[in-house]
Amino acid sequence: MAVKNFNSKAIDDAVAIELENRSFPGASLAIGDRDGIIYKAHYGAASVFNDDNPCFDKEPKEFTGDYVPVTENTLYDMASCTKILSTTMVAFRMIDMGKIALYDSISRFIPVPEDKKDIEIRHLLTHTSGIRAHFLLENDGRTPAEAAQIVLDTPLSTPTGTKVEYTCMGYILLGKILEKVGGKPLDVLADELVFKPLGMTNTCYRPLDKGYTDIAVTEYCERLGAYKKGIVHDENACFLEGVSANAGIFSNVEDCAKFAVMLARNGMTDNGVFISPSLMNLAKTDLTTNVPGEGRGLGFVVKRTNTLSAMGDLYPGGSFGHNGYTGTSIYVHGGNGMFAILLTNRVHFTRSSDRLMRFRRVFHNLATAEYEKALLK
Numbered sequence: 079m080a081v082k083n084f085n086s087k088a089i090d091d092a093v094a095i096e097l098e099n100r101s102f103p104g105a106s107l108a109i110g111d112r113d114g115i116i117y118k119a120h121y122g123a124a125s126v127f128n129d130d131n132p133c134f135d136k137e138p139k140e141f142t143g144d145y146v147p148v149t150e151n152t153l154y155d156m157a158s159c160t161k162i163l164s165t166t167m168v169a170f171r172m173i174d175m176g177k178i179a180l181y182d183s184i185s186r187f188i189p190v191p192e193d194k195k196d197i198e199i200r201h202l203l204t205h206t207s208g209i210r211a212h213f214l215l216e217n218d219g220r221t222p223a224e225a226a227q228i229v230l231d232t233p234l235s236t237p238t239g240t241k242v243e244y245t246c247m248g249y250i251l252l253g254k255i256l257e258k259v260g261g262k263p264l265d266v267l268a269d270e271l272v273f274k275p276l277g278m279t280n281t282c283y284r285p286l287d288k289g290y291t292d293i294a295v296t297e298y299c300e301r302l303g304a305y306k307k308g309i310v311h312d313e314n315a316c317f318l319e320g321v322s323a324n325a326g327i328f329s330n331v332e333d334c335a336k337f338a339v340m341l342a343r344n345g346m347t348d349n350g351v352f353i354s355p356s357l358m359n360l361a362k363t364d365l366t367t368n369v370p371g372e373g374r375g376l377g378f379v380v381k382r383t384n385t386l387s388a389m390g391d392l393y394p395g396g397s398f399g400h401n402g403y404t405g406t407s408i409y410v411h412g413g414n415g416m417f418a419i420l421l422t423n424r425v426h427f428t429r430s431s432d433r434l435m436r437f438r439r440v441f442h443n444l445a446t447a448e449y450e451k452a453l454l455k
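Dropping the structure here:
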């Protein structure tokens, strides 16, 4: 059923309030379904502070730099949305190609210590491996090339398969396994297996190397003495020189919508099967109901009914997607197939600001309500 006359006023007004409250300096958003984008908009600024007058105030009173407006081309640091845009999709393509399988032990691909022998590919995708949630790789003293070994040498936080513990480190290890299997760096695999097939021509790692300049600025980095623009915000991805399985992708709302349309079509594109529908059905199933922690599919967070979620109150159980620390999110409604994409650089004001957390829920409520009203017109 075609959606006509989508009313964006409530969403536009809500974004305006968040801009006034300094929840984020600017945003791009898109709402759509399996047929494509229904509404997209761009608001505010890609940056409002400069390196000479950085802001360290959670609630800044004034802007100190040039006001650089957000455009339809503005790239955002996707942070942990990298996990679904890049790593998870590379893994899915390899599963469909028969190169890896969910119940494969990771020891099939790399040498592992005794306490990691029970970890399988599915554990890394569902965040049930027991690998520690987060630590700084650079503090170990070894090189980026030794990242997988650093993770493997670190004791598990919980026994494998007993708990959902969201772990960037587990995803970093998964990325290294995919590189080993694919015989190429992760950025090349992602480009060849994901971005080019989906027509995501403005999605990449290390955008400065590719000549991009319209990039939303993230947080001030004291080590650099500058705001990060086109340099990944995540410290571990930065240590890994911008290419990592947990973070590092930059994209714009148009490309994210191409990705979301594929999700809404259950792995299908205009050119045929991208991810097998059977694998997509499994990926968006809550596979962690038998262990403590949030609902997790393969790569995706899966909403449980009547739970507090970034997806808001109106997305039903079985809705799925991911968000990113910098202020990004891609979520698909488990009932009507609508998707909502919100890209912000909320960390430009400082990472300690948490205003976006409630707005994410409000945004998804408004998107759902207006989409369903438009369906009935």
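The numbering of the sequence shown is our numbering, which starts it at 79 and goes up by one. Glycine included, each C-beta is placed from N, C-alpha and C at the ideal position.
Q | Buried/exposed call for Ser101, threshold 16 Cβ in 10 Å | A | Residue mapping note: residue 101 aligns to position 23 of the sequence shown, counting from 1. By the 10 Å Cβ count, Ser101 comes out buried.
TODO: May I have the straight-line CA-CA distance separating Gly239 from Cys282, to the nearest angstrom?
DONE: Sequence index remark: in the sequence shown, residue 239 carries index 161 (1-based). Sequence index remark: in the sequence shown, residue 282 carries index 204 (1-based). Approximately 32 Å between the Cα atoms of the pair.
Quick one: what's Leu282 bridged to in DSSP?
Counted from its first residue, the sequence shown places residue 282 at position 204. With the sequence shown as reference, residue 282 is identified as Cys, and Leu is not the correct amino acid for it. Note: Cys282 sits in a beta bridge opposite Phe328.
* To do: Within the same chain, show all residues whose beta-carbon is closer than 6 Å to that of Ala88, passing over the 5 residues directly before and after it, in chain order.
  => Within the sequence shown, the letter at position 10 stands for residue 88. Non-local beta-carbon contacts of Ala88 in its own chain, meaning distances under 6 Å to residues more than five positions away in sequence, involve Leu444 in chain order.
Review point. According to DSSP, which residues form a beta bridge with Asn401?
Key: Position 323 of the sequence shown, counted from the start, is the residue given in the question as residue 401. Looking at the DSSP assignment, Asn401 forms a beta bridge with Ser407.
Original post:
Fully enclosed by the stretch 171-207, which beta strand (DSSP E) runs are 3 residues long or longer?
Top reply: Within the stretch 171-207, no run of beta strand (DSSP E) reaches 3 residues while sitting entirely inside it.
Sequence-distant residues of the same chain with beta carbon closer than 6 Å to Arg439, five excluded per side: Position 361 of the sequence shown, counted from the first residue, corresponds to residue 439. Cβ within range, chain order: Gly390.
Restricting to runs no shorter than 3 residues, where is the beta strand (DSSP E) found entirely within the stretch 409-454?
Counting whole runs of 3 or more residues, the stretch 409-454 contains the beta strand (DSSP E) stretches 417-422.
Mapping DSSP to helix, strand and coil, what is Met346? Position 268 of the sequence shown, counted from the first residue, corresponds to residue 346. Note: Met346 maps to strand in three-state DSSP.
- Across which residues does DSSP place Val379 in a beta bridge pair? Residue mapping note: residue 379 aligns to position 301 of the sequence shown, counting from 1. DSSP output for Val379 lists Arg374, Gly399 as bridge partner(s).
Fill in: Every unbroken alpha helix (DSSP H) within the stretch 244-285, with a cutoff of 4 residues, ordered by chain
Within the stretch 244-285, the complete alpha helix (DSSP H) runs of at least 4 residues fall at 246-260, 264-268.
Original post:
Among all the DSSP beta bridges, which residues are the ones paired with His120?
Top reply: By one-based count along the sequence shown, residue 120 stands at place 42. Secondary-structure assignment with DSSP links His120 through a beta bridge to Ser106.
Note to self: Once the 5 residues before and after Leu214 are set aside, which same chain residues still bring their CB inside 8 Å of it?
What the structure shows: In the sequence shown, counting from the first residue as 1, residue 214 sits at position 136. Glu313, Asn314, Phe317.
Exercise. Between which two residues does the alpha helix (DSSP H) containing Pro355 stretch?
Worked result: In the sequence shown, residue 355 corresponds to position 277, counting from 1. Counting along the chain, the alpha helix (DSSP H) containing Pro355 begins and ends at 355-361.
Quick one: is Asn83 buried, meaning 16 or more other Cβ sit within 10 Å of its Cβ, or exposed? Against the sequence shown, residue 83 aligns to sequence position 5. Answer is exposed; the Cβ neighbour count stays below 16.
Distance, Ser235 Cα to Arg200 Cα | Here residue 200 refers to the residue found at position 122 of the sequence shown. Here residue 235 refers to the residue found at position 157 of the sequence shown. Answer to the nearest angstrom: the Cα atoms are 18 Å apart.
Quiz item: Would you report the Cα separation of Glu150 and Phe337, rounded to the nearest angstrom?
Solution: As a first step, residue 150 must be located in the sequence shown, where it is residue number 72. As a first step, residue 337 must be located in the sequence shown, where it is residue number 259. Taking the straight line joining both Cα atoms gives about 16 Å.
Buried or exposed for Gly326, going by 16 or more other Cβ atoms inside 10 Å? The residue labelled residue 326 in the question sits at position 248 within the sequence shown. Buried, because 16 or more other Cβ atoms sit within 10 Å of the Cβ of Gly326.
Tell me which residues share the same chain as Ala294 and place their Cβ nearer than 6 Å to its Cβ, disregarding the 5 neighbours each side in the sequence.
The residue labelled residue 294 in the question sits at position 216 within the sequence shown. If you ignore the 5 residues before and after Ala294, its C-beta comes within less than 6 Å of the C-beta of Ala124, Thr152, Tyr154, Asn423, all in its own chain and listed in chain order.
Quiz item: Beta-carbon separation of Gly320 and Arg284 under 8 Å?
Solution: Taking the sequence shown and counting its residues from 1, one reaches residue 320 at position 242. Taking the sequence shown and counting its residues from 1, one reaches residue 284 at position 206. Yes. Within cutoff.
**OP:** For Phe417, I'd like the list of residues in its chain whose CB is within less than 6 Å of its CB, leaving aside the five on either flank, ordered along the chain.
**Re:** Stepping through the sequence shown from its first residue, residue 417 is reached at position 339. Apart from sequence neighbours up to five positions away, the residues of its chain that approach Phe417 with a beta-carbon distance below 6 Å are Gly110, Ala338, Ala342, Val410, ordered along the chain.
**Item:** Limits of the alpha helix (DSSP H) - the one that Ala88 falls within
**Value:** Working through the sequence shown from its first residue, we reach residue 88 at position 10. Segment 87-98, the alpha helix (DSSP H) holding Ala88.
Next item on the list: Out of Ile184, Leu202, Ile353, point me to the one whose CA is closest to Lys241's CA.
Entry: For this step, residue 241 is matched to residue 163 along the sequence shown. The shortest Cα separation from Lys241 among Ile184, Leu202, Ile353 belongs to Leu202.
Beta-carbon gap between Ile188 and Ala226 smaller than 8 Å:
Locating residue 188 in the sequence shown gives position 110, where the first residue counts as 1. Locating residue 226 in the sequence shown gives position 148, where the first residue counts as 1. Contact flag set, yes.
- prompt: How long is the line joining the alpha carbons of Glu96 and Glu270, rounded to whole angstroms?
  reply: The sequence position of residue 96 within the sequence shown is 18, counting from 1. The sequence position of residue 270 within the sequence shown is 192, counting from 1. If I take the Cα positions, the gap works out to 38 Å.
Quiz item: Which residues bound the alpha helix (DSSP H) around Val229?
Solution: Sequence index remark: in the sequence shown, residue 229 carries index 151 (1-based). Taken as a continuous stretch (DSSP letters only), the alpha helix (DSSP H) holding Val229 covers 225-231.
Nearest by alpha-carbon distance to Asp113: which of Asp231, Asn414, Asp432 is it? For the purposes of this step, residue 113 is taken as the residue at position 35 of the sequence shown. Checking every option, the nearest Cα to that of Asp113 belongs to Asn414.
### Message
On the DSSP letters alone, give me the boundaries of the alpha helix (DSSP H) that Cys316 sits inside.
### Response
The residue given as residue 316 occupies position 238 in the sequence shown. Segment 313-317, the alpha helix (DSSP H) holding Cys316.
Sorted by chain position, which residues of the same chain lie with C-beta nearer than 8 Å to Asp292's C-beta, five sequence neighbours on each side aside?
Within the sequence shown, numbered from 1, the residue matching residue 292 stands at position 214. Here the set comprises Ala124, Thr149, Asn151, Thr152, Leu153.
Check: What's the C-alpha gap between Gly405 and Leu421?
Finding: Counting from 1 along the sequence shown, the entry for residue 405 is found at position 327. Counting from 1 along the sequence shown, the entry for residue 421 is found at position 343. Rounded to the nearest whole angstrom, the CA to CA distance from Gly405 to Leu421 is 6 Å.
Check your understanding: Quick one, which of Ser397, Val126, Phe273 has its alpha-carbon nearest Gly104's?
Key -> Sequence index remark: in the sequence shown, residue 104 carries index 26 (1-based). For Gly104, the nearest C-alpha among the options comes from Val126.
Hey, would you say Cys246 sits closer than 8 Å to Ile408, going by beta carbons? Taking the first residue of the sequence shown as position 1, residue 246 is located at position 168. Taking the first residue of the sequence shown as position 1, residue 408 is located at position 330. Here Cys246 is not near Ile408, since their CB atoms are 8 Å or more apart.
Within a Cβ cutoff of 7 Å, which residues of the same chain sit near Ile255, ignoring the five residues on either side of it in sequence? For this step, residue 255 is matched to residue 177 along the sequence shown. These residues qualify, in order along the chain: Ile184, Phe187, Ile188.
Margin query: Excluding the 5 residues flanking Tyr121 on each side, which residues of the same chain have their C-beta closer than 7 Å to its C-beta?
Written below: For this step, residue 121 is matched to residue 43 along the sequence shown. Leaving aside the five residues that flank Tyr121 on each side, the residues in its chain whose CB is nearer than 7 Å to its CB run, in chain order, Val93, Leu97, Gly104, Ala105, Val148.
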